[in-house]
Amino acid sequence: MDVKITNGDIEMVASGDYRYITGIEEAVQRVRISALTVKGDFVFDRELGTDYSGLSSDDDMLCEKLELLLKESCADIHDTAVEVVSCDKNSMVAVLKVIFRDCETTTEVDLSGIIQ
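Here you go:
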């Protein structure tokens with residue numbers, strides 16, 4: 000169970016309590032946070048995130064390398080796997096498949112501000 004984050008803000012319910020998420024929704028949120036955080040940048044957990052050092056948008060094997068990096072950074076997310084479905088070298092938007100137990104969905108991440 001995790002607190003739902005929308006547009007960088009903690010989501011609240013009408014009573015003022017946190018909105019909680021579980022299952023595939025929680026898995027997607029955790030994968031997105033890991034993909035959109037550069038490893039070492041989050042002050043409270045320097046191990047959170049993905050190490051994009053050495054990866055550039057003009058790399059011939061960008062999608063393959065991105066998938067390996069994301070699999071590594073998401074390895075500790077319980078019962079969750081991640082695959083890169085596609086990545087656009089021009090926009091630096093990647094489509095990720097998130098698999099949680101017997102459920103799967105896709106999500107887009109914009110890495111243009113992270114990978115140069």
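According to numbering that gives the first Met the number 0, the sequence shown is numbered sequentially starting from 0. From the three backbone atoms N, C-alpha and C, an ideal C-beta is built for every residue, glycine too. The model shown is predicted, which means the values in this text are computed figures rather than measured ones.
Residues near residue i in its chain [Cβ-Cβ closer than 6 Å; skip 5 each side]
{"i": "residue 82", "result": "96"}
{"i": "residue 20", "result": "1 and 3"}
{"i": "residue 18", "result": "3, 10 and 12"}
{"i": "residue 100", "result": "78"}
{"i": "residue 52", "result": "none"}
{"i": "residue 45", "result": "39"}
Nearest-angstrom Cα separation, counted from residue j out to residue i
{"i": "residue 36", "j": "residue 111", "result": "12 Å"}
{"i": "residue 6", "j": "residue 105", "result": "18 Å"}
{"i": "residue 90", "j": "residue 71", "result": "23 Å"}
Residue j beta carbon less than 8 Å from that of residue i
{"i": "residue 92", "j": "residue 107", "result": "yes"}
{"i": "residue 30", "j": "residue 86", "result": "no"}
{"i": "residue 58", "j": "residue 64", "result": "yes"}
{"i": "residue 180", "j": "residue 88", "result": "A query on residue 180 cannot be resolved here, the shown segment of the chain reaching from 0 to 115 and no further."}
Residues near residue i by beta carbon distance below 8 Å, same chain, minus five either side
{"i": "residue 24", "result": "3"}
{"i": "residue 69", "result": "30, 33, 34, 49, 81, 83 and 95"}
{"i": "residue 76", "result": "26, 29, 30 and 33"}
Cβ neighbours of residue i in the same chain (closer than 7 Å, five flanking residues each side left out)
{"i": "residue 40", "result": "48"}
Integer-rounded CB distance, given that residue j should sit under 8 Å from residue i
{"i": "residue 114", "j": "residue 54", "result": "6 Å"}
Write down every uninterrupted run of the alpha helix (DSSP H) in the segment 67–95 whose length is 4 residues or greater and which is fully enclosed by it, in chain order.
-> Those alpha helix (DSSP H) runs which fall completely within the segment 67–95 and span 4+ residues do not exist here.
List in chain order: all unbroken alpha helix (DSSP H) runs of 4+ residues lying wholly within the segment 0–67.
-> With a minimum length of 4 residues, the continuous alpha helix (DSSP H) runs that stay inside the segment 0–67 are 22–35.
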